[in-house]
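Student: Numbering (this note's numbering), first residue to last: 34 to 615.
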């Protein structure tokens, strides 16, 4: 090739192509947004506008984050730089039944903001000003005009679809079923979404995801009111197009998972690709993990196409007072979160009858739950009373000789959201996580990026997974090769979802990462605060200096020498909408 052949040359890094095949020292040439050369010998790069020295570094495909809630953020901050800075070049929106496509602006806001804990007063004005679309095809046309940072893929959300068809109130009334005309309208809209390139449909059966706003405050999401006869009709369309059903079972009814598993089976029909949230080694319910693993193995052995979503890191959650989603899972916590003002809440929290109920629920250790209901396993992080910082609630309660529930409620009444604490609800055992990530019936995902902005931060999920695998190799007890680990974050997910991404062979789109593997040795679980662009908010983020050196999206440099370039999210030519392959 001539000296001016390439737009970018990357020299001498350990190259992973995203297929799981052997890695090796290679030199990469990029032209017109595509991989133009992968060479064992150095490329001639005189006259090449940009040359990146990758000696001692890894060159991998850009990572896929296939569970985010960037639906509102991408409208006004399309750089999505909190993910891109960690090497993510493709993000999936429309998860958990929550797209922002079919429903009106206020409806789309109200089914999103309380569930994902992004303030309604920020999201609603964005949608009221910007939302000009009401169909899947119109949304795609809008997205294609946006200066995207990463590539974008999407599910159509079932709650969004129901509200857009039935209205917010009817879609959240257990007594009301969609009429035949409404069912046909939903089927037509879902078909349009498939033709427009959506990956599939996302649904929700978890009852403690609640609606915001004044009209249907504290009702469960519209998708939870649907009967399985409705879902079966929509699943027929997904089967026809060989697309994906993403769902979340009702944690209070573990047997409901069998409805999903039956739907994924093929036999006399096409298997339905199904991915569920989530495979977690919960502290509070030790039966969930083994039962989940057994069920996925059996259903796939019987001809299903099933994957659990798996977070490959401790599931640590931060809370402000009583404002954290897992209090929605039991009655007393739900009662408090249903109250909007601090005055109303304080009155309730000081009521002895209420406290009796809270203590009762807290003591029911065998009931279905995500939170382990153990305040002794919850550390106070911030508090106006500095003497409490660093202690768990149980040791403070014992010192004051009160029940730990009363102690917690007293502190919430006294300090409100100024009482900040954290707990790890699952994936707390290193050896168990190492076993889980080897499970071939899983997808390495579930970051929830863009949501729960004060409660968690897993924007660097791919880096945490690479570190986990790298440590086992260095210990001489490898759970998999690094090539296999990179494939799990890239090519595996792209192929399973049916999109063009996740690989960097000659001819592939040049979405790639140059990272320093030695810098993975730092604490990747640490969180800090960062600005949420164009929202005027601070949120929990990850910062890992020295790891991700460069990120290229569509052949354009998005992160250079660890810094997000100013053009990202402002100029066209980086990310694009990636349609599902037909």
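By construction, the Cβ of each residue, glycine as well, lies at the ideal position given by its N, Cα and C atoms.
Here's the rule I'm using: 16 or more other beta-carbon atoms within 10 Å means buried, otherwise exposed. How should residue 596 be labelled?
Tutor: Residue 596 is exposed by the Cβ-count criterion.
Student: Would you decide whether residue 343 is buried or exposed? Buried here means 16 or more other CB atoms lie within 10 Å of its CB.
Tutor: Its Cβ being crowded by 16 or more others within 10 Å, residue 343 is buried.
Student: Got a sec? Which residues, its chain only, sit under 7 angstroms from residue 545 by beta carbon, not counting five neighbours each side?
Tutor: 92, 93, 94, 95, 537, 585.
Student: Tell me which same chain residues have a C-beta within less than 6 angstroms of the C-beta of residue 53, skipping the five on either side of it?
Tutor: Within the same chain, residue 53 has close Cβ partners 516, 517, 520.
Student: Check for me: the beta strand (DSSP E) holding residue 122 runs from which residue to which?
Tutor: First-last of the beta strand (DSSP E) with residue 122: 121–126.
Student: In this structure, does DSSP put residue 86 in helix, strand or coil?
Tutor: Looking at residue 86 - three-state DSSP - the assignment turns out to be strand.
Student: Strictly by DSSP, which residues pair up with residue 572?
Tutor: Beta-bridge pairing links residue 572 to 563.
Student: Taking just the CA atoms, how far does residue 141 sit from residue 318?
Tutor: Roughly 33 angstroms between the two C-alpha positions.
Student: So does the stretch 307–318 actually touch the stretch 281–293, counting three or more Cβ pairs closer than 8 angstroms?
Tutor: Judged by Cβ distances under 8 angstroms, the stretch 307–318 makes contact with the stretch 281–293, as three or more pairs qualify.
Student: Out of 163, 68, 132, 417, state which residue places its alpha-carbon closest to the alpha-carbon of residue 109.
Tutor: Ranking 163, 68, 132, 417 by Cα distance to residue 109 puts 163 first.
Student: Can you check which of these residues, 111, 224, 129, is closest to residue 182 by C-alpha distance?
Tutor: Closest by alpha carbon: 111.
Student: The beta strand (DSSP E) with residue 60 in it runs from where to where?
Tutor: Note, residue 60: beta strand (DSSP E), 57–64.
Student: What is the rounded straight-line gap between the Cα of residue 22 and the Cα of residue 188?
Tutor: The structure shown does not extend to residue 22, since the chain spans only 34 to 615, so no value can be given for it.
Student: Can you tell me whether residue 529 is helix, strand or coil according to DSSP?
Tutor: Here residue 529 sits in helix by DSSP.
Student: Work out the CA separation of residue 380 and residue 449 for me, nearest whole Å.
Tutor: Looking at the two C-alpha atoms, the distance is approximately 13 angstroms.
Student: If we ignore side chains and look at the alpha-carbon of each, how far apart do residue 359 and residue 473 end up?
Tutor: Each residue's Cα considered, the two are about 29 angstroms apart.
Student: Let me make sure I understand the geometry here. Which of 467, 325, 209, 246 has the alpha-carbon closest to that of residue 260?
Tutor: Checked all of 467, 325, 209, 246; the closest Cα to residue 260 is 209.
Student: Write down every uninterrupted run of the alpha helix (DSSP H) in the stretch 458–546 whose length is 4 residues or greater and which is fully enclosed by it, in chain order.
Tutor: Listed in chain order, the complete alpha helix (DSSP H) runs (minimum 4 residues) inside the stretch 458–546 are 463–469, 494–507, 515–522, 524–530.
Student: Would you report the Cα separation of residue 89 and residue 579, rounded to the nearest angstrom?
Tutor: The alpha-carbon atoms of residue 89 and residue 579 are separated by roughly 13 angstroms.
Student: Which whole-angstrom value is the C-beta distance of residue 501 and residue 454, which I expect to be below 8 angstroms?
Tutor: Wrong, their Cβ atoms sit about 26 angstroms apart, outside the cutoff.
Student: The beta strand (DSSP E) spanning residue 111 covers which residue range?
Tutor: Careful: residue 111 lies outside any beta strand (DSSP E) and carries neither H nor E.
Student: State the DSSP-derived secondary structure class of residue 279, mapped to helix, strand or coil.
Tutor: Looking at residue 279 - three-state DSSP - the assignment turns out to be strand.
Student: For residue 44, which beta-bridge partners are listed by DSSP?
Tutor: 86, per the DSSP bridge assignment.
Student: Since residue 598 is in the alpha helix (DSSP H), which residue starts that stretch and which ends it?
Tutor: Residue 598 -> no alpha helix (DSSP H), and no H or E assigned at all.
Student: Any idea if residue 34 is buried or exposed, counting beta-carbon neighbours within 10 angstroms, 16 or more meaning buried?
Tutor: Below a pLDDT of 50, predicted positions are generally treated as unreliable, and residue 34, at 46, falls in that range; no measurement from the model is reported.
Student: Please confirm if the stretch 210–223 is in contact with the stretch 192–200, defined as three or more CB-CB distances below 8 angstroms between the two stretches.
Tutor: In short, these stretches touch, since the Cβ pair count reaches three.
Student: What do you get for residue 267, buried or exposed, if any count of 16 or more other CB atoms within 10 angstroms of its CB means buried?
Tutor: Residue 267 should be labelled buried.
Student: If contact is defined by three or more beta carbon pairs under 8 angstroms, each pair taking one atom from either stretch, is the stretch 62–78 in contact with the stretch 521–533?
Tutor: No, the stretch 521–533 does not touch the stretch 62–78.
Student: What's the gap between the Cα of residue 216 and the Cα of residue 258?
Tutor: Cα to Cα, residue 216 sits roughly 14 angstroms from residue 258.
Student: Can you confirm whether the stretch 428–438 touches the stretch 399–409 when touching is taken to mean that 3 or more C-beta pairs between the two stretches lie within less than 8 angstroms?
Tutor: Output reads yes: the stretch 428–438 touches the stretch 399–409.
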